[in-house]
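Numbering of the sequence shown is given in the numbering used here, commencing with residue 1 and proceeding in unit increments.
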Amino acid sequence: MEVLSGQPGAARYSEEQHKRHRDLRSPWQRDRARVLHSAAFRRLQNKTQVLGVGDNDFYRTRLTHSLEVAQIGTGIVSQLRASQPDQQPLLPSQNLIEALCLAHDIGHPPFGHGGEVALNYMMREHGGFEGNAQTLRILTKLEPYTRNFGMNLCRRSLLGVMKYPCLISELEREPKPKPAENFRQLKVGEWSPAKGIYDDDLAVYQWILAPLSESDRALFTSHELRQTGQHRRSRFKSLDCSIMELADDIAYGVHDLEDAVVLGIVHQSDWQLMVAEPMSKISDCWLAEEIASLGELLFSDHHYEQKEAIGCLVNAFITAIGLERQGCFDEPLLDWQACLAPPMAQALDILKRFVLNYVIQTPQIEIVRFKGQQIVMELYQAFASDPERLLPLNTRSRWKIAAESNCQSRVISDYIAGMTDDYAQRLYQKMF
């Protein structure tokens, strides 16, 4: 039963009245254009990816990361069209996968994960905060392309950005941790958010899933507890989302590594111990035989040799991706998934762990993240203390309207989440 890959996949939450003269674009071309021209997308140029914005003009921001994810995503689709031609009708168009990849990070707040944890803590009694949930909210409500429905993207596009298709209220661990005595004592590990969809966005969430059969919908929105004391996790995602997520993982594991190498944050001895040696032991893996020579290129003094190594790594992962059927859904767009061959999945996991341990969780990065975390919590507390006095006029109007649905805190969260790193810092300096 092909539902979402047919006409219902191109449906929009709000039926649009305006028709552009001689506009021959496909729905996916229009969705891509809406993302690309949005203010939320432009703001990514001044939001932290891994390293803090402003410390150096070389490394990636959320914007350049998103552009690279889009490039990798289109490469994956091209590879799948060539390697599995029987599934070509099911695969997303280049415009659709670009739209998803460009949009996947627009919900992330200032200061990266530190800002996300800070907002989740401040919203702990009001539905929480999570970057992926905020992305859906921007696409369907906040971005002023329409009066009330955000960018009003197609159903298949919205399904493709839902990496965790469950309500956060169903996933959060119980009991919640005790609140910190003050902001300075907040433990990031205790307040990382559950990954899902806000209950405030239940109506559009139900609309996205409406064409599915009852059994497909129940299975697709199911979740599991993987570790005692942790949040529950969703179990499934759409085919389009699986491609986007692989592109994101490859960009994170390879391109963020490039930043760290060029800026001297990681050294060849670290690489040899934590990447080259474990990767060389993976059986039936092309990278196992080539990782030593790639390491020499990566840590070369010549940038063109570093680029050669990065290109080889990206290509190795893209060409190891295939389609697999799970055999549990009626809807093919849910049943088929893009997957890395197991040896290459193991290799990518090694790279991602290396970036996490040797780049993201280093003291110099954590100090910057801690600072951003404090800024976000102080701003939230200030606005929540007297919204009618301190919020901008347009946000204040939304805050007053939100009283009817008892979600005024969400409006304050939306405002802070939309800030760039620089804007949040300037505003903090003005207020404090």
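Here a beta-carbon is modelled for each residue, glycine too, at the ideal position from N, C-alpha and C.
Whole-number beta carbon distance between residue j and residue i, since they are thought to touch under 8 Å
| i | j | result |
| --- | --- | --- |
| Phe-129 | Ser-413 | 6 Å |
| Val-35 | Ala-99 | 5 Å |
| Gln-84 | Leu-334 | That belief does not hold up - the Cβ atoms of Gln-84 and Leu-334 are roughly 17 Å apart, past 8 Å. |
| Ala-251 | His-65 | 6 Å |
| Ser-283 | Pro-332 | The pair is not a contact, with the Cβ atoms about 33 Å apart (cut-off 8 Å). |
| Arg-20 | Leu-44 | About 26 Å separates the two Cβ atoms, so there is no contact after all. |
| Met-151 | Ser-38 | 6 Å |
| Leu-139 | Val-161 | 7 Å |
Nearest to residue i (by Cα), restricted to the options the options
| i | options | result |
| --- | --- | --- |
| Arg-124 | Glu-16, Arg-426 and Arg-410 | Arg-410 |
| Leu-297 | Cys-312, Met-431 and Thr-74 | Cys-312 |
| Tyr-428 | Pro-342, Glu-404 and Phe-383 | Phe-383 |
| Ala-114 | Leu-391, Leu-393, Met-419 and Val-376 | For clarity, residue 114 is Gly in the given sequence; the question names Ala instead. Ranking Leu-391, Leu-393, Met-419 and Val-376 by Cα distance to Gly-114 puts Val-376 first. |
| Asn-357 | Met-274, Ser-78, Gly-189 and Arg-25 | Met-274 |
| Arg-232 | Asp-240, Ala-210, Gln-206 and Ser-192 | Ser-192 |
| His-267 | Leu-287, Glu-305, Phe-299 and Trp-286 | Phe-299 |
| Ser-169 | Pro-8, Ala-194 and Thr-74 | Ala-194 |
| Val-314 | Lys-178, Trp-336, Ile-401 and Trp-286 | Trp-286 |
| Thr-74 | Pro-89, Arg-62, Ile-97 and Leu-90 | Ile-97 |
| Arg-435 | Gln-79, Asp-259, Ala-39 and Pro-179 | With the chain covering only 1 through 432, there is no way to say anything about residue 435. |
| Gln-29 | Gln-79, Leu-102, Ala-82 and Leu-80 | Leu-102 |
| Cys-328 | Glu-404, Arg-235 and Leu-80 | Arg-235 |
| Val-368 | Phe-41, Phe-354 and Gln-425 | Gln-425 |
| Gly-9 | Ser-397, Leu-90 and Phe-354 | Leu-90 |
| Phe-354 | Leu-186, Gly-127, Pro-179 and Trp-271 | Trp-271 |
Cβ pair residue i, residue j closer than 8 Å
| i | j | result |
| --- | --- | --- |
| Leu-351 | Val-262 | no |
| Ser-238 | Leu-159 | yes |
| Glu-294 | Phe-317 | Reading off the sequence, residue 294 comes out as Leu, not Glu. Not in contact: Leu-294 and Phe-317 (Cβ atoms no closer than 8 Å). |
| Leu-225 | Gly-196 | no |
| Ile-208 | Arg-155 | yes |
| Pro-109 | Ala-417 | yes |
| Ile-321 | Ile-76 | yes |
| Tyr-415 | Thr-395 | yes |
| Leu-257 | His-223 | no |
| Phe-183 | Tyr-13 | no |
| Ala-338 | Ser-269 | no |
| Leu-393 | Trp-399 | no |
| Thr-420 | Lys-47 | yes |
| Pro-92 | Asp-330 | no |
| Asp-31 | Ser-157 | yes |
| Val-359 | Ile-291 | no |
| Phe-220 | Pro-165 | yes |
| Trp-336 | Gln-94 | no |
| Gly-436 | Arg-147 | The first residue shown for the chain is 1 and the last is 432, placing residue 436 beyond what the model contains. |
| Tyr-304 | Met-122 | no |
| Glu-388 | Phe-432 | no |
| Glu-190 | Pro-175 | no |
Closer than 8 Å to chain C by CB, residue i
| i | result |
| --- | --- |
| Leu-246 | Checking the listed chains, one finds no chain C in this structure; it contains a single protein chain. |
**Prompt:** Quick check: the segment 370-380 against the segment 100-120, are there 3 or more CB pairs under 8 Å?
**Reply:** yes
**Request:** Quick one: which unbroken alpha helix (DSSP H) runs of 4-plus residues sit fully inside the segment 265-322? Chain order, please.
**Result:** 268-271, 277-280, 286-298 and 303-318
**Message:** Contact between the segment 270-290 and the segment 208-225 is defined here as three or more beta-carbon pairs at a separation below 8 Å; is this criterion met?
**Reply:** no
**Message:** For the structure I just gave you, are there three or more beta carbon pairs, one from the segment 64-81 and one from the segment 243-253, closer than 8 Å?
**Reply:** yes
**Length-filtered (4 minimum) alpha helix (DSSP H) runs lying within the segment 122-192** = 131-137, 155-161 and 168-171
**Message:** Between the segment 133-147 and the segment 183-199, can you find at least three pairs of beta-carbon atoms closer than 8 Å?
**Reply:** yes
**Message:** Extract the residue ranges of the alpha helix (DSSP H) inside the segment 308-390, only unbroken runs of 4 or more that lie entirely within it.
**Reply:** 332-335, 342-355, 363-385 and 387-390
**Message:** If we require 4 or more residues per run, which alpha helix (DSSP H) segments fall completely within the segment 187-260?
**Reply:** 202-209, 214-220 and 239-250
**Item:** Runs of alpha helix (DSSP H) wholly within the segment 75-104 (minimum 4 residues, chain order)
**Value:** 94-103
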